[in-house]
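Q: Under our numbering, the first residue of the sequence shown is numbered 2, with each subsequent residue one higher.
Yeah, the Cβ is synthetic: ideal placement off N, Cα and C, and Gly gets one too.
Quick caveat: nothing in here was measured; it's all calculated off a predicted structure.
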Amino acid sequence: MKHEKGSTLLEVLVALALLGIVSVLFLGSVANSSTARVIADERVSAKILAESLIDNIKKQGYESSYDVSIPPEYIGYSANLTVESLANGNIQKLTIVIEHFNRDVLTLESFKVDR
């Protein structure tokens with residue numbers, strides 16, 4: 002009878018160890034998916050912001066430089082715009098780099114034509 006009690010205790014300890022391992026793996030995967038979601042949200046926000054800024058620039062007259070202002074709902078985001086003249090100055094290559102808390106998140110390029 003003593004042998005059976007020890008065997009049951011050993012089975013319980015093994016089961017608890019397995020449960021602990023499965024729990025740690027599950028929590029690790031939850032943390033990874035949460036991090037991936039945050040990164041995806043950050044990239045989507047950066048893409049929406051960049052496209053909005055480029056659209057606003059294209060609506061303006063043809064200039065050698067443009068002001069970009071970040072809407073207040075984009076906390077921690079900044080934008081760096083580079084304007085490069087091409088084809089005798091009739092075409093501009095617009096490159097906008099979106100940063101979130103001083104870390105590059107997205108680079109978007111577009112062209113503007115002087116019509």
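#1: Per DSSP, which residues does Phe-112 bridge with? Please list them.
#2: Looking only at its own chain, which residues have a Cβ that is under 7 Å from the Cβ of Lys-94, when we skip the five neighbours before and after it?
#3: Whose CA, out of Ala-51, Arg-104, Tyr-78 and Leu-10, lies closest to the CA of Thr-96?
#4: Could one say the Cβ of Leu-50 lies closer than 7 Å to chain D's Cβ atoms, at least one of them?
#5: Would you kindly check if the distance between the Cβ of Tyr-67 and the Cβ of Ile-55 is under 7 Å?
A: Short version:
#1: Under DSSP, the beta-bridge partners assigned to Phe-112 are Lys-94.
#2: So the qualifying residues of the chain are Glu-85, Leu-87, Glu-110 and Phe-112.
#3: Taking only the C-alpha atoms, the option nearest Thr-96 is Ala-51.
#4: Of the chains in the structure shown, none is chain D; there is only one protein chain.
#5: Not a contact, by the Cβ cut-off of 7 Å.
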